[in-house]
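Following: one structure in structure tokens, then a few remarks.
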Amino acid sequence: MQWESWSAFWEMGGAAGFVWGSYGVTFLLVALELVLVLRRRKEAVRKLLRWRRAIGKDRNGRTDARMESQ
Amino acid sequence: MTPSDRGRSLFRFAAPQVFYPLAGRLAPWFAALAAVLTLAGLWLGFFVAPTDATQGEVYRVIFIHVPAAWMSMFIYLIMAFWAAVGLVMNTRLSFIMSQALAPTGAMFCFVALWTGALWGKPTWGAYWVWDARLTSQLLLLFLYLGFIALTRAIEDPRRADRAGAIIALVGAVNVPIIYFSVQWWNTLHQGASVSLTKAPSMATTMLAGMLVMALAAWAYTIAVVLWRVRPMILERERHTEWVGALLDQESTERGGRA
Amino acid sequence: MLSTFLAVLRRDLLLAWRGRADVLVTLAFFIIVVCLFPFGVGAEPNLLRAIAPGVLWVAALLACLLSLHRLFAQDHVDGTLEQLLLSSESAVLWVGAKVLAFWLSTGLPVVAVAPALALLLDLEQGGLPVLVLSLTLGTPTLALLGAVGAALTLGLRGGGMLLALLVLPLFVPVLIFGAGAVEAELSGTGAAAHLLLLGGGLAGALALAPWACAAALRISTE
Amino acid sequence: MLSTFLAVLRRDLLLAWRGRADVLVTLAFFIIVVCLFPFGVGAEPNLLRAIAPGVLWVAALLACLLSLHRLFAQDHVDGTLEQLLLSSESAVLWVGAKVLAFWLSTGLPVVAVAPALALLLDLEQGGLPVLVLSLTLGTPTLALLGAVGAALTLGLRGGGMLLALLVLPLFVPVLIFGAGAVEAELSGTGAAAHLLLLGGGLAGALALAPWACAAALRISTE
Amino acid sequence: MLEVQDLACLKGDRLLFRDLAFRLQAGDLLRVAGPNGVGKTSLLRLVTGLAMPEAGEVRWQGESIRRVREAFHGELLYLGHLAALNDLLTPLENLRFATSAVGDAVDEEACMQALVRIGLGNQLDLPARVLSAGQRRRVGLARLFLSAGRRLWVLDEPFTALDVHAVADLAATLSDHCAAGGMVMLTTHQDAPFARPPAVLDVGAFAC
Amino acid sequence: MLEVQDLACLKGDRLLFRDLAFRLQAGDLLRVAGPNGVGKTSLLRLVTGLAMPEAGEVRWQGESIRRVREAFHGELLYLGHLAALNDLLTPLENLRFATSAVGDAVDEEACMQALVRIGLGNQLDLPARVLSAGQRRRVGLARLFLSAGRRLWVLDEPFTALDVHAVADLAATLSDHCAAGGMVMLTTHQDAPFARPPAVLDVGAFAC
Ligand code: HEM
Ligand SMILES: Nc1ncnc2c1ncn2[C@@H]1O[C@H](COP(=O)(O)OP(=O)(O)OP(=O)(O)O)[C@@H](O)[C@H]1O
Ligand SMILES: Nc1ncnc2c1ncn2[C@@H]1O[C@H](COP(=O)(O)OP(=O)(O)OP(=O)(O)O)[C@@H](O)[C@H]1O
Ligand SMILES: [Mg+2]
Ligand SMILES: [Mg+2]
């Protein structure tokens with residue numbers, strides 16, 4: 001382990017801006033991509049469900065009704 | 001032929017139906033692998049690898065810079081490969097794959113540029129020089145953006161698939177041409193005042209960190225692409241019965257939870 | 001077989017003639033872009049001379065780029081493209097005819113006035129023949145590559161700009177070798193290698209672009 | 001009165017949003033043109049630094065020029081313009097709204113990314129604020145002047161190019177003062193005079209261009 | 001109300017018609033007739049003030065429309081050959097814009113109802129680009145339901161591309177507008193079931 | 001001759017029709033009917049091969065048109081909603097190009113006669129831009145007179161914008177083509193005086 005202290009680690013020998021700037025942006029982008037990708041599926045499912053309801057193919061409308069009556 | 005037979009023969013794309021659940025099952029494993037490898041790579045990079053004699057600590061950017069640069073190039077090749085498969089075999093899944101790869105490739109491309117620029121300022125004194133490798137990386141970003149912009153601009157998915165495939169292939173033919181032309185262009189003007197190959201010979205721990213991070217990038221890419229492919233499959237196969245059944249199930253689950 | 005090729009070629013040239021204003025204006029654009037530089041950069045002769053080949057080539061490239069969207073747009077809007085695609089001839093034929101007519105009516109004039117503009121920017125006289133030769137080899141390549149982009153972006157919103165984004169990375173090698181040829185000649189290295197590569201690029205584009213373009217057109221009109 | 005202004009502004013911004021790709025692609029075009037220069041001119045940093053303000057301004061001007069034809073073209077083709085001219089409100093109002101929406105969706109992004117590109121060309125940091133200020137004052141002037149040209153060339157064949165020819169002479173003074181401001185700042189003379197002139201130009205254009213544009217539209221649709 | 005006097009129209013070197021005159025009063029429905037190319041569209045554009053006549057004058061309430069342009073355009077609804085649709089916007093957005101741009105304050109609900117009434121209830125969210133020929137036409141015609149306040153309707157071939165039901169519907173709407181004191185001037189080559197047979201202006205009779 | 005099987009057409013989210021099937025034999029005149037937006041134009045484009053079906057097949061002489069594309073297109077004449085006119089060229093130049101581009105060897109004299117016959121004798125030298133709506137349509141239709149050799153005519157709303165005489169004329173031309181062993185498939189919302197009442201294909205019956 002070559003770091004004397006945590007503060008030395010964060011200073012990165014004076015290159016903090018460059019190193020953490022690189023890592024920060026990279027992980028920010030990765031996080032953003034993950035959020036977008038995972039949200040996209042939920043949105044797609046919601047959109048498709050709305051679409052199925054609109055074209056009246058939603059068999060589940062009936063199942064729901066049955067479940068309520070139970 | 002009975003009506004129901006006909007209904008089934010209407011939509012006979014078996015592959016997506018198989019691939020969809022498979023992707024859903026595999027993706028978390030790759031994501032976990034990526035997380036573990038990233039942690040290992042960061043530990044190697046920050047706590048095991050020694051300070052560089054000439055550059056000091058700045059060089060630690062290398063652990064994302066190089067894997068990102070590699071990934072951006074690999075991903076373009078894979079993208080073009082799937083595009084070609086799609087055009088030849090006329091399978092929708094291949095087109096979907098190539099479109100799902102593009103954003104991640106563009107992301108890595110941008111990361112390589114960004115980290116390189118931040119690295120360049122302390123080492124070369126400028127964020128950017130028109131070096132051959134840098135320039136071809138920039139053009140690669142444009143190729144990615146063009147592909148994404150084109151496929152997004154076309155609403156009809158079938159047309160978007162094919163048009164995107166054509167531009168991906170044309171781009172793939174051009175990547176080597178660009179690379180060599182840029183190299184030649186640059187060496188004609190200025191002696192290699194800056195050159196990446198002059199980078200310090202690496203300690204083995206550095207190399208190990210870099211390789212582990214590259215593997216992490218691979219695992220991450222696979223996970224993200226599998227996740228991105230799933231909703232794309234759903235949207236395109238929405239007329240099929242299996243998607244219908246799946247959606248019904250999904251909405252019951254939601255209804256049940258509510 | 002040849003009849004389709006000739007019919008399309010004849011019509012497109014007739015249209016270019018009928019719309020002479022267009023051709024002249026492509027030229028005018030080329031001239032104006034070149035003339036803008038002294039305004040933007042300042043009138044110092046040494047500086048201008050140093051950037052002259054680059055500016056001329058960039059201007060030629062932009063002039064080509066900006067007229068590209070015209071290549072199929074009108075025919076797409078008025079339905080002519082549909083009719084051509086319903087022709088029983090191979091689409092590669094008439095695509096070739098259209099690109100040829102396009103180059104004759106926009107590329108050739110640019111090549112023709114380039115030497116005059118080079119004199120304006122004080123380019124040394126020795127560079128002129130190489131400039132003309134490099135443009136003669138390079139602009140048809142640009143037209144061929146650009147045609148693929150034009151076909152792909154047909155009828156899309158913001159098509160003109162999207163087109164620019166798609167084809168500019170493809171244009172870069174042509175630009176590098178084109179402008180490079182002139183600079184190499186001026187610096188005494190000799191332009192032969194550059195010109196050979198430009199020629200090779202043209203041959204490659206001739207062999208592949210019409211097919212890609214025909215495929216793209218079928219996709220775009222679906 | 002304001003309702004027409006707002007309706008047009010809202011719709012045009014909505015359209016810009018709907019066709020986001022467009023806005024992004026205008027930007028991409030700006031970026032690409034700037035990046036082309038090193039390929040044409042060569043990668044020598046000193047040369048690049050010397051031409052940087054000129055190149056940036058010429059690229060901004062071209063990006064504006066190339067999106068100009070979009071300003072009225074679609075509305076003309078689909079008949080919306082006729083309907084707007086049949087509105088009982090003064091045409092100056094909605095012309096103003098259209099130009100404003102146009103600048104917000106194409107000029108503003110260009111102003112926003114210009115500093116990053118300036119770094120790419122290695123422009124000295126001191127010049128950046130002046131560059132941004134000069135573009136902020138200059139690009140709306142370009143949009144206003146360009147709108148008159150766009151209105152005059154509406155529906156003409158080769159409109160895009162004719163437009164370029166018409167408005168480029170008007171754009172040249174803006175270019176001279178815009179690029180000049182940055183160069184003056186870098187050479188230590190101070191950019192105040194240039195910026196004042198740019199501001200004056202903007203005020204003048206704001207006062208006159210919408211009227212000219214409205215008149216031109218009436219003529220073009222007759 | 002609307003009065004046309006001695007109108008002549010020159011196109012290129014061809015004088016399409018001359019000495020054309022008619023007047024339109026509250027409740028009138030006028031069908032401009034004549035074979036293809038006789039000058040019907042040209043006449044309509046003269047009447048709306050979009051084009052200027054070679055000779056003669058168009059008067060609104062006794063005043064030349066060039067002098068009372070604003071008042072006249074406030075009372076006029078013109079639907080030409082072109083549908084005035086932006087391909088990227090939905091029918092609803094197009095309709096809202098079309099009304100508010102000419103200064104009619106119409107709320108979204110009313111626009112929606114007009115579209116549903118004209119049979120585009122299922123296409124409210126589609127971009128206009130993908131609509132069929134008849135559906136595009138209908139979006140333009142939906143403005144009729146929102147423009148009862150405008151007295152003069154000038155329509156160039158409104159029945160084009162419409163199916164039979166829509167034609168009957170439209171004819172009824174036009175008849176109603178006239179019954180309520182409005183004026184309608186239209187061209188068409190098709191027969192339509194108007195409540196009362198319309199007056200006919202044969203442009204061919206004034207051709208040169 | 002022309003055989004359509006199990007055709008399905010998907011537009012965006014909407015399956016317009018499925019399981020659509022019909023056949024067309026020498027001498028048949030088929031009118032594709034249905035309300036606006038049901039999918040008539042879409043069907044015509046599938047039949048010509050300009051668009052690809054979601055499912056099903058179009059067969060020409062028993063072979064899928066994708067396999068015999070060239071032979072099929074050599075026998076086909078398609079006139080769509082768009083007139084395929086270049087605004088700068090005269091009707092004569094447009095017509096000559098339209099015929100020679102698809103490989104029909106037609107000389108100038110024949111083109112001129114076709115234009116005169118369709119009533120454009122006075123407009124031979126005008127640029128297409130200034131033609132009236134009906135005149136533009138006629139230039140497209142003039143191709144019919146020069147395409148007797150093409151067996152299958154597919155026409156999308158050919159009667160649009162035509163005046164009554166032209167409609168009668170066109171109907172007669174179509175009837176003649178069928179009588180001579182050709183096939184015609186058209187859409188229209190107007191009635192036209194055909195020699196024999198055409199067979200009707202109601203797309204609405206296959207709608208989903
Ligand atoms: C914006 C600036 C930069 C860009 C676009 C860029 C791009 C690239 C690319 C594309 C690669 C992969 C090349 C290959 O594997 O063949 C790479 C590798 C590399 N880069 Fe950069 N780079 C930039 C700046 C820098 C800087 C400033 C340094 C350090 C002084 C640097 C050091 C390295 C090293 C050491 C490698 C690995 C070399 C190898 O594996 O052969 N890069 N870079
Ligand atoms: N420059 C010109 N020179 C000669 N004739 C012209 C010129 N411009 C237009 N025309 C003619 O003027 C007429 C314009 O007619 P217009 O469009 O008003 O006809 P229309 O009655 O609406 O016909 P349609 O029923 O086909 O819509 C056409 O006959 C056209 O040929
Ligand atoms: N992306 C889409 N999403 C949903 N519906 C669509 C989409 N694209 C087209 N449509 C619908 O498909 C239909 C296309 O119909 P088409 O143009 O074939 O109609 P048509 O029968 O020719 O009608 P018309 O008589 O009006 O010409 C329209 O109803 C349109 O709304
Ligand atoms: Mg008319
Ligand atoms: Mg239709």
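Chains as they are written, first to last, in our numbering: chain A, 1 to 70; chain B, 1 to 258; chain L, 1 to 222; chain Z, 1 to 222; chain G, 1 to 208; chain F, 1 to 208. Glycine included, every Cβ here is placed at the ideal spot set by N, Cα and C.
query, result
"Are there any heavy atoms of ligand 5 lying less than 7 Å away from the beta-carbon of Thr-41/F, as far as the coordinates show?", "yes"
"What does a CB cutoff of less than 7 Å around Val-194/B pick up in its chain, not counting 5 residues either side in sequence?", "Reliability fails at Val-194/B, whose pLDDT of 46 lies under 50, so the model's placement of it is uncertain and no value is given."
"Would you say Gly-204/F faces chain L, with C-beta separation under 8 Å as the test?", "no"
"Looking at Val-132/L: is its Cβ nearer than 8 Å to the Cβ of Ile-31/L?", "no"
"Quick check: does the Cβ of Lys-11/F come within less than 7 Å of any heavy atom belonging to ligand 6?", "With respect to ligand 6, the structure offers nothing, as its ligand set consists of ligand 1, ligand 2, ligand 3, ligand 4 and ligand 5."
"With distances taken Cα to Cα, identify the nearest neighbour of Glu-75/G among Gly-181/G, Val-116/G and Asn-122/G.", "Gly-181/G"
"For Gly-134/F and Ala-161/F, which I take to be in contact (beta-carbon distance under 8 Å), what is that distance rounded to the nearest angstrom?", "5 Å"
"At the 8 Å Cβ level, is Phe-142/B part of the contact set with chain Z, yes or no?", "yes"
"Based on DSSP bridge pairs, tell me the residues matched to Gly-56/B.", "Asp-52/B"
"Under three-state DSSP, which class holds Val-209/F?", "For residue 209/F there is no data in the structure shown, the boundaries of chain F being 1 and 208."
"CA-CA distance, Gly-27/G and Asp-176/G?", "9 Å"
"Where does Thr-187/G sit, in a helix, a strand or coil, going by DSSP?", "strand"
"Does Leu-15/F have its Cβ less than 8 Å from a Cβ in chain L?", "no"
"Please list, in chain order, all residues of the same chain as Cys-109/B whose beta carbon is under 7 Å from its beta carbon, the five residues on each side excluded.", "Ser-72, Gln-137, Leu-140, Leu-141 and Tyr-144"
"In its own chain, which residues sit with a C-beta less than 8 Å from the C-beta of Leu-104/L, not counting the 5 before and 5 after it?", "Leu-13 and Ala-16"
"What residues are listed by DSSP as bridge partners for Glu-63/F?", "Trp-60/F"
"Just to confirm, are Leu-202/Z and Pro-140/Z a CB contact at a threshold of 8 Å?", "yes"
"Is it buried or exposed for Phe-47/B, if we count other Cβ within 10 angstroms and need 16 for buried?", "exposed"
"Based on the DSSP secondary-structure assignment, which residues constitute the bridge partners of Ala-153/F?", "Residue identity check: residue 153/F is Trp in the sequence provided, not Ala. Paired residue(s): Leu-77/F and Val-184/F."
"Keeping to the same chain, check which residues put their C-beta closer than 7 Å to that of Asp-125/G; ignore five residues upstream and five downstream.", "Thr-90"
"Does the beta-carbon of Leu-155/F have 16 or more other beta-carbons within 10 angstroms, so that it is buried, or is it exposed?", "buried"
"CB of Ala-33/G to nearest heavy atom of ligand 4: below 7 Å?", "no"
"Go ahead and pull the three-state DSSP assignment for Ala-192/G.", "coil"
"Verify the CB distance criterion: does Leu-86/L have a CB-CB separation below 8 Å to chain F?", "yes"
"With 16 other CB atoms within 10 Å as the buried threshold, where does Pro-198/F fall?", "buried"
"What in chain Z is Cβ-close to Phe-97/G, meaning under 7 Å?", "Ala-7 and Arg-11"
"Measure from the C-beta of Glu-70/F to each C-beta in chain L and report whether the shortest distance is under 8 Å.", "yes"
"Checking the sheet assignment: what are the DSSP bridge partners for Asp-202/G?", "Ala-33/G"
"Compute the Euclidean distance between the alpha carbons of Leu-208/Z and Ala-84/F, then round it to the nearest angstrom.", "41 Å"
"Quick check on DSSP: helix, strand or coil for Phe-22/G?", "strand"
"Using a Cβ-Cβ distance under 8 Å, would Ser-100/G count as near chain Z?", "yes"
"With C-beta atoms as the reference, is Pro-53/Z less than 8 Å away from Ala-179/Z?", "yes"
"Using a C-beta cutoff of 8 Å, does Leu-7/F count as contacting chain B?", "no"
"Within 7 Å: the Cβ of Ser-134/L and any heavy atom of ligand 5?", "no"
"Which residues does DSSP list as the beta-bridge partners of Leu-208/Z?", "According to DSSP, Leu-208/Z bridges with nothing at all."
"Indicate whether Ala-15/B and Met-232/B have their beta-carbon atoms separated by less than 8 Å.", "no"
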